[in-house]
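When you number the sequence shown by the numbering used here, it's gap-free, plus one each residue, and the end is 200. Contents: one structure, followed by commentary.
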Amino acid sequence: MYIYLVLMFIFLNIVCDINYLIRTLISVLTGRLYQRKYSLDETTTIYGICTFQDCDISFKHIRIARLLRDLDFARYHFYERTGIYRRSRELGIKSLQGCTLTITDDPVPLFGLYKIDTKLVYWDDRSLFLEHEVITLRDGKIRSKLLSRQHAIGKNGDSTEALLENLPGSQVQPNCPEYIKHWLQSMQITSKKLKKDVLTNK
-1 MYIYLVLMFI FLNIVCDINY LIRTLISVLT GRLYQRKYSL DETTTIYGIC
49 TFQDCDISFK HIRIARLLRD LDFARYHFYE RTGIYRRSRE LGIKSLQGCT
99 LTITDDPVPL FGLYKIDTKL VYWDDRSLFL EHEVITLRDG KIRSKLLSRQ
149 HAIGKNGDST EALLENLPGS QVQPNCPEYI KHWLQSMQIT SKKLKKDVLT
199 NK
């Protein structure tokens, strides 16, 4: 009996990322069962540990790809605790990862315990901008700072305004931080250059 369970677990790990599913369920369900609701202007927190599968080839610290993966769990937790997930289900609005800005000062070391603080710093008519701080627990040091842009896509043309309407903390829209303005401008410049290069090479 046990051998079949082990084989099934191995098979699931081969054909799909079962660990991702388990971590998602843990992040969402523990928040739902044991934590209070949060408003949009508050910060939510999840916890993690850097293991061998999170490390780069040197096995010394976490690699960026695994950190970006952890941001998914941080976002799911934030959406669940603030009511965004429930509202998106009601309106049929889907969230699509647009782009991510990463700044790393000192990566999380192997077996390092860390937390990811997530807060909504800005939104426009199409996107949510979430800021994530990766902090090691033993010294309280901010190891990485990441910004993710989430596009809200509604089947009836609904936007972030409909998604956030009447949720706690949505009454006052925050001003766009300067670093986000520059980030958006840099992406516009890059986009124009790529379009120009494509037209030139045709």
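Quick reminder that beta carbons are idealized off the backbone N, C-alpha and C, glycines included.
Extent of the continuous beta strand (DSSP E) run through residue i
i      : result
ILE47  : 42 to 47
SER125 : 125 to 134
GLY96  : 91 to 102
GLY152 : 140 to 152
VAL26  : No beta strand (DSSP E) holds VAL26; the alpha helix (DSSP H) holding it covers 16 to 32.
LEU111 : 111 to 121
Under 8 Å between C-beta atoms of residue i and residue j
i      : j      : result
LEU108 : LYS58  : yes
THR22  : PHE76  : no
SER211 : ALA160 : Nothing can be reported for residue 211, as the shown portion of the chain is limited to -1 through 200.
GLU88  : GLY167 : no
LEU165 : GLN148 : no
LEU66  : THR98  : yes
ASP123 : THR158 : yes
Residue i, buried or exposed, once every other Cβ within 10 Å from all chains shown has been counted against 16
i      : result
ILE20  : exposed
CYS53  : buried
ASP68  : buried
GLU163 : exposed
THR198 : exposed
GLY138 : exposed
ARG136 : exposed
TYR74  : buried
Sequence-distant residues of its chain with Cβ nearer than 7 Å to residue i (five each side left out)
i      : result
GLU78  : VAL26, GLY29 and ARG30
VAL106 : CYS48, HIS59, ILE60, TYR112, VAL132, THR134 and ARG141
8 Å CB neighbourhood of residue i in its chain, flanking five on each side removed
i      : result
ILE101 : SER142, LYS143 and LEU144
ASN173 : TYR120
PRO175 : VAL119 and TYR120
TRP181 : LEU99 and LEU145
The alpha helix (DSSP H) enclosing residue i, as first and last residue numbers
i      : result
LYS193 : 176 to 199
SER157 : It is not in any alpha helix (DSSP H) - SER157 carries neither H nor E in the DSSP assignment.
VAL13  : 0 to 13
Own chain partners of residue i with C-beta closer than 6 Å, once the 5 adjacent residues on each side are dropped
i     : result
ILE91 : ALA150, GLY152, ASP156 and LEU161
THR80 : TYR36 and LEU38
| field | Ranges of the beta strand (DSSP E) found wholly within the stretch 36 to 89, counting only runs of at least 3 | value | 42 to 47, all fully within the stretch 36 to 89.
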